[in-house]
Each structure stands twice: as C-alpha cells, then as structure tokens.
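A.B. asks:
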Amino acid sequence: QVQLVESGGGLVQPGGSLRLSCAASGSIFSLYAMGWFRQTPGRERALIAAITRGGSRDYADSVKGRFTISRDSAKNTVSLQMNSLKPEDTAVYYCNLAYRRPEPWGQGTLVTVSS
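Each residue of the sequence shown is one higher than the one before, starting from 1223 at the first, in our numbering.
1) Rounding to the nearest angstrom, what Cα-Cα distance links Ala1246 and Arg1279 in this structure?
2) Applying the 10 Å Cβ sphere with the 16-neighbour rule, what's the burial state of Glu1228?
3) Mind checking Leu1233: buried by the 16 CB within 10 Å criterion, or exposed?
4) Secondary structure at Glu1228, three-state DSSP: helix, strand or coil?
5) Less than 8 angstroms between the C-beta atoms of Ala1255 and Ile1273, yes or no?
6) Is it buried or exposed for Arg1293, if we count other Cβ within 10 angstroms and need 16 for buried?
7) Any idea if Gly1287 is buried or exposed, counting beta-carbon neighbours within 10 angstroms, 16 or more meaning buried?
8) Leaving out five residues on either side along the sequence, give the residues of the same chain with a beta carbon under 6 angstroms from the beta carbon of Thr1262.
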C-alpha cells in the first residue's frame, strides 16, 4: 500500500514563497501521474497541479504562473514550489495520484498565507 507524507507547509506573508515536498512509498509512484491537491474548510479537495511520468505539467488556473510541480522518480518524491502566495492559497495541501482513483490520503500540510 502506498504511503504519502507531505511536508513544508507553514505561515507565510502574502507575496512570499514555500516549497512543499511529498514522499511516497511503494513502486506505484513511478507508474502514474502525480498531483498536488488542496482543501479548505467546507470545500472539496481539488487538484491544482499535476505532472505525468514524462514530465508534462498541468495547473489549475488559480495557480498557473505561480506554482511549479516537479518530481524525482529516483527518490519517489514530488514537490510544489509556490511563489507569489495569496491569502486565498491558504489550505491543507495533499499529494496523490492524479487522474486516477487516489491512494489513501496522507495527513497533508497546512499552508497559511497571512500578514
């Protein structure tokens, strides 16, 4: 069974940057596209960035141009570089398979953008 562990969240001022990391156990990581999702209270978890095995990337309009997803298949990690952060980016961020039925969710990492 795949285990996903997210890290790197925290409190940052508007306009600041954070880098999130996700460590995935199991070989499934190298087989499929991976994504970053985020969730705020009262709303469903939403995919905001995805990267395929071949390195093709896709982003939600809300983060396009500010966030960059990357993956290291040798280390089974996927990262999310977040720049120009806005208060509306405040959420719990999760990683998981993209475009497929998700594996069990990790605990997520909380990002708070506030002055």
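Every residue gets a Cβ at the ideal spot worked out from N, C-alpha and C, and that includes glycine.
These numbers were taken from a predicted model, which means no experiment stands behind them.
C.D. replies: This is what the structure gives:
1) Position 24 of the sequence shown, counted from the start, is the residue given in the question as residue 1246. Position 57 of the sequence shown, counted from the start, is the residue given in the question as residue 1279. Rounded to whole angstroms, Ala1246 to Arg1279 spans 19 angstroms at the Cα level.
2) Counting from one through the sequence shown, the residue named residue 1228 turns up at place 6. It is buried - the Cβ of Glu1228 has at least 16 other Cβ atoms within 10 Å.
3) As a working note, residue 1233 is residue 11 in the sequence shown. Leu1233 comes out exposed.
4) As a working mapping, residue 1228 is identified with position 6 in the sequence shown. Here Glu1228 sits in strand by DSSP.
5) Along the sequence shown, one-based indexing puts residue 1255 at 33. Along the sequence shown, one-based indexing puts residue 1273 at 51. For Ala1255 and Ile1273, yes; Cβs fall inside 8 angstroms.
6) As a working mapping, residue 1293 is identified with position 71 in the sequence shown. Looking at its Cβ environment, which holds 16 or more other Cβ atoms inside 10 Å, Arg1293 is buried.
7) For this step, residue 1287 is matched to residue 65 along the sequence shown. Exposed, because fewer than 16 other Cβ atoms sit within 10 Å of the Cβ of Gly1287.
8) Along the sequence shown, one-based indexing puts residue 1262 at 40. For Thr1262, where only same-chain residues beyond five positions count, the Cβ hits under 6 angstroms are Ala1313.
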